[in-house]
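Count along the sequence shown from 1, then add 902; that gives the number in the working numbering.
All C-beta atoms, glycine included, are put in the ideal place defined by N, C-alpha and C.
Only a predicted model underlies this, so the values are computations on that prediction, with no experimental measurement involved.
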Amino acid sequence: MRIAIVGAGLSGLATAFWLQRARPDWPLTIYESAPAPGGALATAEIEGFRFEGGANGFLTNKPDSLELVRAAGAEALLLESSAAARRRYVYTDALHRLPESPGAFLGSPLLSWRGKLRLLAEPWIARGPGDPDETLEDFGRRRLGREFTAVFLDAMTAGIYASTPRDLAVAAAFPLVAALEREHGGLIRGMLARRRRGAGPGGVLTSFTGGVGTFVAHLHRAIAADWRLGSAASAVERAGRRWRVQAAGRSDEFDRLVVATPAYAAAPLLAPVDAALGASLARIRYAPVAVVGLGYRGLAAPLDGFGLLSTSTADLPVLGVLCDSNVFPDRAPPGATLLRAIVGGLRRPELAARPEEELVALTRAAIERALGVRAAPDVVYVRRWPRAIPNYGPGHLATVAAIEAAAAQQPGLALVGNAYRGVAMNDCCREGRALAARLADDAQR
Ligand SMILES: Cc1cc2nc3c(=O)[nH]c(=O)nc-3n(C[C@H](O)[C@H](O)[C@H](O)COP(=O)(O)OP(=O)(O)OC[C@H]3O[C@@H](n4cnc5c(N)ncnc54)[C@H](O)[C@@H]3O)c2cc1C
C-alpha cells in the first residue's frame, strides 16, 4: 500500500506519524513545496532571538498535541509557559488587565455597570433559534450583550482567528460554545455543568525548547518516508483505482492520496478531478496576517504577562502584541526582550500586505502607544502570510460537508488540514490521527 501525503504542515506530519505507527510497512511519500516541513510552525533564530513566524504553542486542555509529542518521543523538548503568562491584557482606549476572577471582573473598568448587569442576565436569556450560520457577533449580542461582545469577543477572535465576531459563525468557529447553549440552555449554566463533571477550561500554554521548530525537526527525523522537500505537487489525477502525483517533473503512483495542503492549494489540484470539489475548496476564505517580531537587547519587559490583544474600537494598528520572552524565557538572550505583533487579519486586511519597513514602523508606533516603548529594536523579523488562518464564517459547515461528500466519491482520496474542523495545533493533531486510523482500518476491509 503506497501512500502519498501532499503538504507537511502539522496536519500532514501528524497523519504521517500515526499512520506509520499503525502500518510501519506501508511506504510513505511526503511532498512539501517549502524546503522544510512545518508550514505554519516556523521558528527563525536571529542573533540569539527565536521568532515564531506562526504558532508559538498549544494548550493542554485537549490531549491531542501532547499525545503526538509523547508518542514521537519528544517529551524532553516540552516547555511550559511561565506562570506570568497567565496575566493577559486588553487594549481598548488604554491598557487593562484581563479580569481572571468574578470579583476582578465586577471591578474591571472594561465594562460599564450596564454591560456587567447585562452579562449577569445571561442565564435567563432563552435559547436561540439554532441557526448554524449565526455570527459570533449576533450570538454574543443576544446572549452576553453588546458591550461584552465589542470588548471580549472582539479581542478574543483577533487573538485566535485574526478575525472579527462579525466574520465568524459561532457553530463553526466555537463549536463548544454553541453546544453549551444547545445542551444546557446557556453559557453560564453549561460551564457550571461542565465544571461539575470535572471538565475545566484553560489548560497550560506549552511549547518546545528552542521553539516549535525543534518539534517539527524531531518529527521530520522520526518519520521514515521518501521526503520530497521543495517539491510542490503540481497536478494529481486518478489512474484507475490509484492516484498519480506530479511534482518537480516526476510522476508517481499511489494507492492512497492524502491532501494536507491549505484549501486554496487543494482547490486547483483537485478541480480537474471534480470541479465541484475544487469550487467548494476555493470557497474557504483566509485571514491575512503579518507577524512582526522585535528583539531588544537592553530592554526589560514592558509588560508583566503574556501580552495584549486590542479591540476594533481601540484603533491600534495591531491585533495584539505578545511578550514572548516573558512566556518562554529561551526566546531571547538573558536580559533581552522579544515582542511579537500580529498585524492585519480580517479587521485590517490591507495592513498585512504593507512593505516590511512600514509594518515595523506601525508596530513600533503601536508598541509606543500601548506599552510606552520608544527604544529602537536591535533585531527585526517579519513574516507575512497572505492567507494565514482559515476563517470559519457563515456557510463554513455547509462548505465542509460539501467537500467531505465530494471527497468521499473519490476512492483513495482524503483531505486533512486546518481549513475544515479546527485551526489550533490540537485540532490538526486530532484530525491527522483520526485520518491515519481510518486509512489503516480501511485496508482491512
Ligand atoms: C501567525 C499564526 C499564529 C498561530 N498561532 C497558533 C498558536 O499559538 N497555537 C495554535 O494552536 N495554533 C496557532 N496557529 C494555527 C496553527 O499553527 C495552524 O492551524 C497549523 O499549524 C496548520 O497546520 P496545517 O498542516 O493544517 O497547515 P499548514 O501549516 O498551512 O501546512 C500546509 C503545508 O502544505 C504545503 N503545501 C501547499 N501547497 C502544496 C503543494 N502543492 N505541494 C506540496 N506541499 C504544499 C505548505 O507549504 C505547508 O507546509 C497559528 C497560525 C498562524 C498563521
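Is Q1148 helix, strand or coil by DSSP?
The answer is strand: DSSP assigns Q1148 an E or B state.
Quick check on DSSP: helix, strand or coil for V1318?
In this structure, V1318 counts as coil in the three-state DSSP scheme.
Can you look up P1077 in the DSSP assignment and give me helix, strand or coil?
Helix at P1077.
Against chain D, with Cβ distances strictly below 7 Å, would F1208 count as a contact?
No chain D appears in the structure shown, which is made up of a single protein chain.
Which first and last residues belong to the alpha helix (DSSP H) in which S983 is found?
Run containing S983: none; DSSP gives neither H nor E here.
In angstroms with no decimal places, state the Cα-to-Cα distance between G1005 and I1090.
Cα-Cα distance, rounded: 16 Å.
Should Q922 go down as buried or exposed, given a rule of 16 or more other Cβ atoms within 10 Å for buried?
Buried: at least 16 other Cβ atoms inside 10 Å.
For C1330, is the beta carbon positioned less than 6 Å from some heavy atom of ligand 1?
At least one heavy atom of ligand 1 is nearer than 6 Å to the Cβ of C1330, so yes.
State the DSSP-derived secondary structure class of R1340, mapped to helix, strand or coil.
Three-state DSSP puts R1340 in a helix.
Does any heavy atom of ligand 1 sit closer than 6 Å to the C-beta of S1109?
S1109: no, Cβ never under 6 Å from ligand 1.
Regarding P1164 and ligand 1, is the C-beta to nearest heavy atom distance less than 6 Å?
Yes, since a heavy atom of ligand 1 falls inside the 6 Å radius drawn around the Cβ of P1164.
Confirm, please, whether the CB-CB distance from W920 to A1338 is below 7 Å.
Going by C-beta atoms, A1338 is nearer than 7 Å to W920.
Count the other CB atoms, across all protein chains shown, that sit within 10 Å of the CB of T1037; report buried if there are 16 or more and exposed otherwise.
By the 10 Å Cβ count, T1037 comes out buried.
Which word fits G1151, buried or exposed, when buried means at least 16 other C-beta atoms lie within 10 angstroms of its C-beta?
G1151 is exposed by the Cβ-count criterion.
Helix, strand or coil for L1224 per DSSP?
Correct three-state label for L1224: strand.
With a Cβ-Cβ cutoff of 7 Å, do S1065 and L1248 count as a contact?
Their beta carbons are under 7 Å apart, which means S1065 touches L1248 by this criterion.
Could you work out which residue in G914, P926, G911 and L915 is closest to A1342 when comparing CA atoms only?
Comparing Cα positions, the closest option is P926.
Whose C-alpha, out of A916, I932 and T917, is nearest the C-alpha of A1149?
Of the listed residues, the one whose Cα sits closest to A1149 is I932.
What residue ranges within the region 1200-1224 form continuous alpha helix (DSSP H) runs of no fewer than 4 residues, ordered along the chain?
The qualifying runs do not exist here; there are none.
Tell me whether R1340 is buried or exposed, calling it buried when 16 or more other Cβ atoms sit within 10 Å of its Cβ.
By the 10 Å Cβ count, R1340 comes out exposed.
I'd like the list of long-range same chain contacts for A1277, defined as Cβ closer than 7 Å, with 5 residues on each side in sequence excluded.
If we look at A1277 and ignore the five residues flanking it on each side, its Cβ neighbours are Y1198 and L1201.
Kindly indicate which residue of L1205, G1142 and A1177 has the alpha-carbon position closest to the one of N1228.
Of L1205, G1142 and A1177, the residue nearest in Cα terms is L1205.
Give me the Cα-Cα distance between N1328 and L961, rounded to the nearest whole angstrom.
Distance between the alpha carbons of N1328 and L961: 8 Å.
Under 7 Å Cβ to Cβ from E977, same chain only, skipping five residues before and after it: list those, please.
So the qualifying residues of the chain are V971.
Tell me the rounded alpha-carbon separation between R1347 and H1086.
Confidence at R1347 is low in this model, with a pLDDT of 49, below 50, so the placement of that residue is unreliable and no value is reported for it.
Ligand 2 and S1212: does the residue's C-beta get closer than 6 Å to at least one heavy atom of that ligand?
Looking at this structure, you won't find ligand 2 anywhere; what it does contain is ligand 1.
Using the three-state DSSP reduction, which class does R1096 fall into: helix, strand or coil?
Three-state DSSP puts R1096 in a helix.
Measuring alpha carbon to alpha carbon, tell me which of L1241, R989, L1131 and G1274 ends up nearest V1106.
Of the candidates L1241, R989, L1131 and G1274, the one whose C-alpha sits nearest the C-alpha of V1106 is R989.
Which residues in the same chain have their Cβ closer than 6 Å to the Cβ of E982, if we skip the five residues on either side of it in sequence?
Excluding sequence neighbours, E982 sits near V1106 and T1108.
Taking only heavy atoms of ligand 1 into account, decide whether any of them is closer than 6 Å to the Cβ of F1041.
False, no ligand heavy atom lies under 6 Å from that Cβ.
Following a CB-centred definition, is W1287 positioned closer than 6 Å to any heavy atom of ligand 1?
True, at least one ligand heavy atom lies under 6 Å from that Cβ.
Could you give the C-beta distance for E1260 and V1284, rounded to a whole number, given that I count them as a contact under 8 Å?
So it is not a contact: roughly 10 Å between Cβ atoms.
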